[in-house]
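Keeping their order, the protein sequence lines are chains A and B. This note's numbering applies: residue 153 is where the first sequence begins, and numbers increase by one. This note's numbering applies: residue 153 is where the second sequence begins, and numbers increase by one.
Number of protein chains: 2
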Amino acid sequence: MPRLRFRISMSLDGFVAGPGQSVQHPLGVGGERLHDWAFETAAFRRHLGLEGGVVNASSAVIDEQLAGIGATVMGRNMFGGGPGPWSEDPPWNGWWGDNPPFHHPVFVLTRHARAPLALEGGTTFYFVTEGLRSALEKARIAAGDQDVGLGGGADVARQCLAAGFVDQMDINLAPILLGEGERLFEGMGTELHGLRLARTVAAPNAVHLRFERP
Amino acid sequence: MPRLRFRISMSLDGFVAGPGQSVQHPLGVGGERLHDWAFETAAFRRHLGLEGGVVNASSAVIDEQLAGIGATVMGRNMFGGGPGPWSEDPPWNGWWGDNPPFHHPVFVLTRHARAPLALEGGTTFYFVTEGLRSALEKARIAAGDQDVGLGGGADVARQCLAAGFVDQMDINLAPILLGEGERLFEGMGTELHGLRLARTVAAPNAVHLRFERP
């Protein structure tokens, strides 16, 4: 049974995106600072097809978080293109260019049907209008003997957490303040739904917290 | 020059107290969960004059955080007794009983004058009505060649952070959600005022983040 593995970068004050998310600012204004710790590493740059970068304690964590994922589920906002029906001219093909860094099937939750979008490098986006459980089921089948990645955004993540679907949650804590934006745990109450801190990795510019079911 | 060292326990969702702080619930409803990681250790129990407890990665951090503090500054809410003039019958002498776990002078910020309160074990509470800078100055003199501890609550901590007074900030991150209550960084914007992550200690039930000026 594939596990559902959720990973996300969160600021010290609990935000996973800055304010004013838009096509210009997919992570909200200032939200890219959440990922500075990753972009400086060779591990993450290689994943994006880029050269350079450093090796530090975050490197092995990045490799581990990206390994063994056979399919990804994400919300419409994470795929982008704004709310409402899909624009056809020009079509919105996600934030990631012609060769997205997934290299496996990605199931996008949306209320608006759209034909699958096959891009370079093995990434095909499927648009699921039948809801979260359907997207997770499709992803589990597509993942085969690998795990399913939960990409976010925060709303889909909260739904999965609250339903007890998440088997592993990796919080990459960026030691910065965003001050405003979208809080990961907003409205979640006091419940981690069976997840407990299982491991912490200290890195120079991030703290990697792994939660699992005991 | 004594440093100002701030330490606090914060939940994964950013709260340093639960909702509804009162005499019955000094840390707010559920807020005592913020300190479970400490209360289970022999190091913290010894500090409170209690026996028992475990030794784990949090133990050395606790000893370190408590060592070398010659005076403490705290806000009225942390000392307690409700807002307004001090009650005389019965007098409010803090949450900590006859032998508070400070063992040094403690400067309480308040708008209501009160004579110093000397209790057992070397703790004397002084009530400062001349504002934050005055309390810090009095504490620095009292601390001698040791450091000044900043106890909280969140409001006084934010004032000190925003003014750039804090030399060291230890966030003891409890891997739990409180859901509501008082957020440490509420209204702080994006600024850590010169503090940067300097060290992380991974413990079984807490993650200890130390911020300092580079």
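Don't be surprised by glycine CBs; every beta carbon is placed ideally from N, CA and C. All figures in this text were calculated on a predicted structure; none of them were measured in a lab.
Requested in this report: Could you tell me which residues DSSP pairs with A/Glu240 in its beta bridges?
Outcome: Answer by DSSP bridge pairing, in chain order: A/Pro243.
Query raised in the report: Taking a cut of 9 Å between CB atoms, which residues from the stretch 333-344 of chain B lie near chain A?
Result: For the stretch 333-344 of chain B, which is checked against every Cβ of chain A, the residues closer than 9 Å are Arg335, Leu336, Phe337, Glu338, Gly339, Met340, Gly341, Thr342, Glu343, Leu344.
Requested in this report: Taking 8 Å as the threshold, find out whether the stretch 190-202 of chain A comes into contact with the stretch 274-286 of chain A through three or more Cβ pairs.
Outcome: Output reads no: the stretch 274-286 of chain A does not touch the stretch 190-202 of chain A.
Report task. Closer than 6 Å by C-beta to A/Arg362: which residues in its own chain qualify, once you throw out the five before and the five after it? Chain order, please. Result -> Sequence-distant Cβ neighbours of A/Arg362 in its own chain, meaning closer than 6 Å and more than five residues away, are Asp322, Ala350, Arg351.
**Report entry** Spatially closest choice to B/Gln298 from B/Gly316, B/Ala267, B/Pro257, by CA coordinates
**Finding:** When each option's Cα is compared against that of B/Gln298, the closest is B/Pro257.
Query - Opening and closing residue of the alpha helix (DSSP H) in which B/Arg310 lies - result: Bounds of the alpha helix (DSSP H) holding B/Arg310 are 306-314.
Query - Alpha-carbon to alpha-carbon, A/Asp165 and B/Gln176 - result: Distance from the CA of B/Gln176 to the CA of A/Asp165, rounded to the nearest whole angstrom, comes to 28 Å.
**Report entry** For B/Arg185, the nearest candidate out of B/Lys290, B/Leu288, B/Leu329 (CA to CA)
**Finding:** The candidate whose alpha carbon is nearest that of B/Arg185 is B/Leu329.
Query raised in the report: Going by the CB atoms, is the gap between A/Pro178 and A/Trp247 shorter than 7 Å?
Result: Yes. Within cutoff.
Query raised in the report: By how many angstroms is the C-alpha of B/Pro356 removed from the C-alpha of B/Gly220?
Result: The alpha-carbon atoms of B/Gly220 and B/Pro356 are separated by roughly 25 Å.
Query raised in the report: Where do the ends of the beta strand (DSSP E) carrying B/Phe363 lie?
Result: Where B/Phe363 is concerned, the enclosing beta strand (DSSP E) starts and stops at 359-364.
Report task. Measuring alpha carbon to alpha carbon, tell me which of A/Phe196, A/Asn229, A/Val213 ends up nearest A/Val168. Result -> Nearest to A/Val168 by C-alpha distance, out of A/Phe196, A/Asn229, A/Val213, is A/Asn229.
Requested in this report: Can you check DSSP and say which residues form a bridge with B/Leu269?
Outcome: Paired residues: B/Phe277.
Query - Any alpha helix (DSSP H) of 4 or more consecutive residues that is wholly inside the stretch 312-355 of chain A - result: The DSSP assignment places no complete run of the alpha helix (DSSP H) inside the stretch 312-355 of chain A (cut-off: 4 residues).
Report task. Go ahead and pull the three-state DSSP assignment for A/Gly303. Result -> Residue state, collapsed to three classes: strand.
Query - Contact set for A/Pro235: own chain, Cβ-Cβ below 8 Å, skip 5 residues either direction - result: Result list for A/Pro235: Arg228, in chain order.
Requested in this report: Can you tell me which of A/Thr281, A/Ala295, A/Glu240 puts its alpha carbon nearest to the alpha carbon of A/Thr224?
Outcome: It is A/Ala295 whose Cα lies nearest to the Cα of A/Thr224.
Report task. For the beta strand (DSSP E) containing B/Met162, list its first residue and its last residue. Result -> Here the beta strand (DSSP E) through B/Met162 covers 156-163.
Query raised in the report: Exposed or buried, B/Pro154, counting other C-beta atoms within 10 Å across all chains shown (16 or more means buried)?
Result: Here B/Pro154 is buried. Its C-beta has 16 or more other C-beta atoms within 10 Å.
Query raised in the report: Residue range of the beta strand (DSSP E) that A/Ala219 falls in?
Result: Premise fails: A/Ala219 is in no beta strand (DSSP E) and is neither H nor E.
Requested in this report: Answer yes or no: does any C-beta atom of chain A fall closer than 7 Å to that of B/Asp188?
Outcome: Proximity of B/Asp188 to chain A, defined by a Cβ-Cβ separation below 7 Å, is not satisfied.
Query - Buried/exposed call for A/Asp241, threshold 16 Cβ in 10 Å - result: Taking all protein chains shown into account, A/Asp241 has fewer than 16 neighbouring C-beta atoms within 10 Å of its C-beta and is therefore exposed.
Report task. Report the residues of the stretch 295-313 of chain A with a CB closer than 9 Å to any CB of chain B, ordered along the chain. Result -> Flagged: no residues at all.
Query - A/Leu284 vs A/Gln320 beta-carbon contact at 7 Å - result: Taking the C-beta atoms as reference points, A/Gln320 is found no nearer than 7 Å to A/Leu284.
**Report entry** Exposure label - B/Thr262; buried when at least 16 CB within 10 Å
**Finding:** Burial check for B/Thr262: the Cβ neighbour count within 10 Å reaches 16 or more, so the residue is buried.
Report task. Can you grab the Cα-Cα spacing for the pair A/Glu272 / A/Glu364, in whole Å? Result -> A/Glu272 and A/Glu364 have their C-alpha atoms roughly 33 Å apart.
**Report entry** Element boundaries [alpha helix (DSSP H), containing B/Leu284]
**Finding:** Bounds of the alpha helix (DSSP H) holding B/Leu284 are 284-295.
**Report entry** 7 Å Cβ cutoff, B/Thr193 in contact with chain A
**Finding:** False, the Cβ-Cβ gap to chain A never drops below 7 Å.
Query raised in the report: Just curious, the alpha helix (DSSP H) that B/Phe196 is in, first and last residue?
Result: Its alpha helix (DSSP H) spans residues 194-199.
Query - Candidates B/Asp307, B/Trp244, B/Leu288: closest to B/Val300 by CA position - result: Residue B/Leu288 is the option with its Cα nearest to B/Val300.
**Report entry** Chain-order list of residues whose beta-carbon lies under 7 Å from that of B/Leu218 (same chain, five-residue window excluded)
**Finding:** If we look at B/Leu218 and ignore the five residues flanking it on each side, its Cβ neighbours are His199.
Query raised in the report: Looking at C-alpha atoms only, which residue of A/Phe337, A/Asn245, A/Gly341 is the closest neighbour of A/Ser161?
Result: Cα-wise, what sits closest to A/Ser161 is A/Phe337.
Report task. Check the Cβ-Cβ distances between B/Ala354 and every residue of chain A, and say whether any is below 7 Å. Result -> At least one chain A Cβ lies under 7 Å of B/Ala354.
Query raised in the report: Which one of B/Ala326, B/Leu325, B/Glu343 has the shortest CA to CA distance from A/Gly331?
Result: Scanning B/Ala326, B/Leu325, B/Glu343 for the CA closest to the CA of A/Gly331 turns up B/Glu343.
Query raised in the report: With a Cβ-Cβ cutoff of 7 Å, do B/Phe158 and B/Leu302 count as a contact?
Result: Contact flag set, yes.
Query raised in the report: Going by the beta-carbon positions, is the gap between A/Leu325 and A/His345 smaller than 7 Å?
Result: In this structure, A/Leu325 sits away from A/His345, with a CB-CB distance that is not shorter than 7 Å.
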